[in-house]
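A short worksheet on the structure shown next.
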Amino acid sequence: MEPNAHLNLILLGTSRAGKSASGNTILGRNAFVTNESPLSVTCQCSVNHATVSGRSVTVVDTPGFFDTPDEVNTDEQVKKEIARSVYLSSPGPHAFLIVLRANDRFTEHEQQIPQQSEIMFGQEVLKYSIILFTHGDLLKGESIENLIKENSRLRHLVQECGDRFHVFNNEDEYNREQVTDLLQKIDTMIEQNGGGHFSNQMYEDAQRFRQEEEKRRQREEEWRKEENERMANQIKEGWLLHK
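Take 80 as the starting number for the sequence shown in the numbering used here and just add one per residue.
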């Protein structure tokens, strides 16, 4: 199968994972603003394009998962903005790159990224996902394979993404081989997915399911509330009769 002439990529992860720097590495230029602050620089989705290895590549950077840098942006608003990335990569992303720092402790929030991604995008999302480890230069000779093997939770996350992962040294911006290797892994994943991309329809189906689940949950809460009130009234009536 011939590689796609155009690739749409979406970066997911927490704010300090190195999403923006990874976007710059892929595009080969400083397209996204980067910062080492623990708060997210990216409050809204940002889109940039470049020709990479003779191919047109679009990268969508997203706000950090679980990051609410001010009182204006609530957790729900951040999630809605992340979900909007699907439309910004129309007709749909070929790959979601879940970005993690290779030298960091694997946090509880990072463990929740696959589940949160499925809530926002649907169960199909992990079929289109690759773990992208950043700061590979700080591994200090340790292989990423050993790091994955020694951490059961991290290993589970990688397995959820079909054992697909890649390592970036974002400091070595002139090393284009690491980008070429990533694109080859994306091409292999695309072929495994039948040559297609994650579609808006998949996202819309997931949103409908989420809305239906929310309505069902609300109905159950209302029913429980009514039942509790009914039981409380029965107890009160029985107490009055025996008074």
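Beta carbons: idealized from backbone N, C-alpha and C, even for Gly. Remember, predicted model here, so these are calculated numbers, not experimental data.
Evaluate residue i with the Cβ neighbour count: other Cβ atoms within 10 Å of its Cβ, from every protein chain shown; 16 or more gives buried, anything less gives exposed.
i	result
Ser99	buried
Leu236	buried
Thr130	exposed
Asn249	buried
Thr141	buried
Arg243	buried
What does the alpha-carbon distance come out to for the pair residue i and residue j?
i	j	result
Glu197	Asn307	33 Å
Phe212	Lys304	47 Å
Cys124	Ile161	7 Å
Ile227	Lys219	15 Å
Tyr207	Arg298	34 Å
His188	Asn254	31 Å
Gly274	Ala311	59 Å
Glu301	Leu205	34 Å
Ser94	His173	22 Å
Asp154	Gln194	15 Å
Thr186	Glu229	15 Å
Arg296	Cys122	30 Å
Glu252	Leu179	18 Å
Val258	Gln156	32 Å
Asn272	Gln238	17 Å
Glu256	Lys159	34 Å
Glu184	Glu221	Reading the sequence as shown, one finds Arg at residue 184 and not Glu. About 15 Å.
Gln313	Pro170	57 Å
Is the beta carbon of residue i sitting closer than 8 Å to the one on residue j?
i	j	result
Phe144	Ile192	yes
Arg232	Gln202	no
Gly92	Ile209	no
Lys264	His245	yes
Ser132	Leu262	yes
Counting only the same chain and skipping the five closest in sequence on each side, list residues whose C-beta sits under 7 Å from that of residue i.
i	result
Val138	Leu88, Leu90, Gly102, Ile105, Leu106 and Asn127
Ser168	Asn87, Ile89, Thr137 and Val139
Arg234	Ile227 and Lys228
Gly97	Val178, Arg180, Thr213, His214 and Asn249
Phe111	Ser99, Gly102, Asn103, Ser125, Asn127 and Asp140
Go through its chain and collect everything with a Cβ distance to residue i's Cβ below 6 Å, but skip five positions before and after it.
i	result
Pro82	Asp266
Ser116	Because Ser116 sits at a pLDDT of 47, beneath the cut-off of 50, its placement in the model cannot be relied upon, and the point is left open.
Ser135	His85
Thr113	Ser99 and Ala100
If you follow the beta strand (DSSP E) that residue i is in, where does it begin and where does it stop?
i	result
Thr137	Arg134 to Asp140
Ala29	A query on residue 29 cannot be resolved here, the shown segment of the chain reaching from 80 to 322 and no further.
Asn83	Premise fails: Asn83 is in no beta strand (DSSP E) and is neither H nor E.
Leu211	Ser208 to Thr213
Kindly list the residues whose CB is nearer than 8 Å to the CB of residue i, restricted to its own chain and excluding five residues on each side of it in sequence; keep chain order.
i	result
Val151	Its pLDDT being 47, under 50, Val151 is placed unreliably by the model, and nothing is read from it.
Asn109	Asn103
Ala181	Phe212, Thr213, His214, Gly215, Leu217, Leu218, Ile223, Leu226 and Val246
Cys240	Ile177, Pro193, Leu205, Ser208, Ile209 and Ile210
I need the boundaries of the alpha helix (DSSP H) containing residue i, first residue and last residue.
i	result
Phe200	Ile192 to Phe200
Ala110	That residue, Ala110, is in no alpha helix (DSSP H); it is neither H nor E in DSSP.
Asn374	Past the edges of the chain, shown from 80 to 322, lies residue 374, and the structure says nothing about it.
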